[in-house]
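The opening residue of the sequence shown carries number 1 in UniProt numbering; numbering runs sequentially from there. Notes to accompany the following structure.
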Amino acid sequence: MSAGTWQLGDVTVNRVGFGAMRITANPDRSVAIAVLRRAVELGVNHIDTAAFYASPGGTLRVGEGEKRHANELIREALAPYPDGLVITTKVGPGEDAERGFYNATTAAELREQVEMNLRQLGVDTLDVVNLRIMKKPGDDSITERFGWLAALRDEGLIRQLGVSNVRLDHVEEALAIAPVVCVQNSYSVDLRGDEDELIGFCADRGIAYVPFFAIAGSSREGGATADHSAAIEKIAITHNVTPQQVRLAWTLHHSPNILAIPGTGNPAHLEQNIAAGGLELSAEELASLG
Ligand SMILES: NC(=O)c1ccc[n+]([C@@H]2O[C@H](COP(=O)([O-])OP(=O)(O)OC[C@H]3O[C@@H](n4cnc5c(N)ncnc54)[C@H](OP(=O)(O)O)[C@@H]3O)[C@@H](O)[C@H]2O)c1
């Protein structure tokens with residue numbers, strides 16, 4: 001793949017991966033299955049998922065018909081999994097009939113979520129598990145929760161660990177407990193927050209930085225925005241690509257440790273996202289994006 005590779009801990013992955021949050025939206029399961037298989041055919045060997053990615057209901061509250069879980073679609077499409085495919089999942093948020101949407105705060109709840117991912121994906125060990133937190137003002141230490149996940153790793157249920165929706169001090173807390181292979185935060189050309197220091201911190205330590213909402217930008221869960229800057233539009237016209245491809249290419253140019261996980265349930269968008277890995281932006285174009 002033209003965007004090259006980066007380490008996800010002890011595994012080398014192509015920098016353009018795939019985010020599975022959007023594949024549950026279409027009531028036609030066969031589309032999701034086809035998108036997942038095509039992604040792998042095109043060289044994707046890093047897929048991001050979660051047990052709570054499910055429709056109807058679930059994170060995006062979209063779709064109709066029979067319940068579709070991203071993990072089960074991944075298993076149906078890709079098991080037995082090809083060598084070298086890394087499936088990264090996340091725990092913290094969860095959803096079930098009894099609790100509705102909830103946030104895991106105990107060792108038992110985190111174990112339950114890890115076990116649910118193992119069952120749904122049909123594996124004995126999860127490749128990478130991110131602790132996804134809700135940031136809170138005041139004390140939002142992750143030491144206890146990350147420690148519980150590190151214990152599950154020691155038990156063999158998880159190979160490698162990451163963190164998501166975190167600040168730099170959370171990553172330092174986690175690193176004091178166990179190796180961190182990735183940090184997954186929202187980040188886009190128009191949704192930068194204070195992430196640059198954290199991206200550099202990760203790059204210096206060989207930790208992958210995995211932005212979500214790279215295409216959606218400030219419209220976040222709302223999906224692809226139509227609100228692009230004049231600079232994005234101009235670059236898209238110059239290269240005869242879409243503004244969404246420019247957004248994705250920008251993240252890949254930003255730092256070598258960035259792994260893209262664009263989310264789509266649309267086969268044509270998938271092809272465009274993979275192609276964006278080969279889009280070369282000049283220094284002048286990058287400067288125009290700020
Ligand atoms: N850790 C976390 O808290 C967290 C939070 C959110 C997401 N995530 C992960 O990150 C992944 C990426 O986030 P995301 O899916 O929300 O946002 P995204 O990848 O920035 O954008 C996805 C949106 O853009 C559309 N899209 C994708 N490719 C496109 C293209 N080439 N042209 C036009 N539209 C395109 C998708 O719709 P179509 O389906 O119509 O293409 C969808 O609406 C998720 O799939 C999930 O795995 C993690």
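Glycine included, C-beta positions come from ideal geometry on N, C-alpha and C. As the structure is a prediction and not an experimental result, all values here were calculated from the model.
8 Å or more divides the Cβ of residue 70 from the Cβ of residue 33.
By a beta-carbon distance limit of 8 Å, residue 16 contacts residue 260. Their separation comes to about 5 Å.
Here the distance from the Cβ of residue 134 to the nearest heavy atom of ligand 1 is not below 7 Å. A residue is called buried once 16 or more other Cβ atoms fall within 10 Å of its Cβ, and residue 136, having fewer, is exposed.
DSSP places residue 72 in the uninterrupted alpha helix (DSSP H) bounded by 70 to 78. With a beta-carbon spacing of about 20 Å, residue 127 and residue 171 fall beyond the 8 Å limit used to define contacts. Relative to ligand 1, the beta carbon of residue 269 is positioned inside 7 Å of a heavy atom. Three or more Cβ pairs drawn from the stretch 2 to 14 and the stretch 204 to 218 lie within less than 8 Å of each other, which places the two stretches in contact. The beta carbon of residue 189 sits closer than 6 Å to the beta carbons of 247, 250, 289 from its chain, once the five residues preceding and following it are set aside; these are given in chain order. Contact between residue 132 and residue 80 fails: their C-beta atoms lie close to 28 Å from each other, not under 8 Å. Following the DSSP letters along the chain, one finds residue 287 inside the alpha helix (DSSP H) bounded by residues 283 to 288. Rounded to whole angstroms, the gap between the alpha carbons of residue 178 and residue 140 is 18 Å.
In this model, residue 68 and residue 31 are separated by some 12 Å (Cα to Cα). Only residues of its own chain outside the window of five on either side were considered, and among them 1, 2, 3, 15, 16, 252 have a CB closer than 7 Å to the CB of residue 277, listed in chain order.
By the criterion of at least three beta-carbon pairs nearer than 8 Å, the stretch 34 to 51 is in contact with the stretch 102 to 120. In this structure, residue 261 has its beta carbon less than 7 Å from a heavy atom of ligand 1. In terms of Cβ geometry, residue 21 and residue 263 form a close pair [threshold 8 Å]. When rounded, the separation of the alpha-carbon atoms in residue 150 and residue 229 is 42 Å. Here the C-alpha atom of residue 174 lies approximately 15 Å from the C-alpha atom of residue 134. In the structure shown, residue 3 adopts coil according to DSSP, grouped into three states. Only residues of its own chain outside the window of five on either side were considered, and among them 243 have a CB closer than 8 Å to the CB of residue 233, listed in chain order. Of 256, 166, 37, the smallest CA-CA separation from residue 180 is found for 166. The beta carbons of residue 125 and residue 157 sit closer together than 8 Å. In chain order, 212, 213 place their CB closer than 6 Å to the CB of residue 186, counting only its own chain and leaving out the 5 sequence neighbours on each side. Look at residue 237: its beta carbon is at least 7 Å from all of the heavy atoms in ligand 1. Of 77, 279, 194, the smallest CA-CA separation from residue 245 is found for 279. Assignment of residue 241 by DSSP, reduced to helix, strand and coil, places it in the coil class.
By the 16-neighbour rule on beta-carbons within 10 angstroms, residue 65 is exposed.
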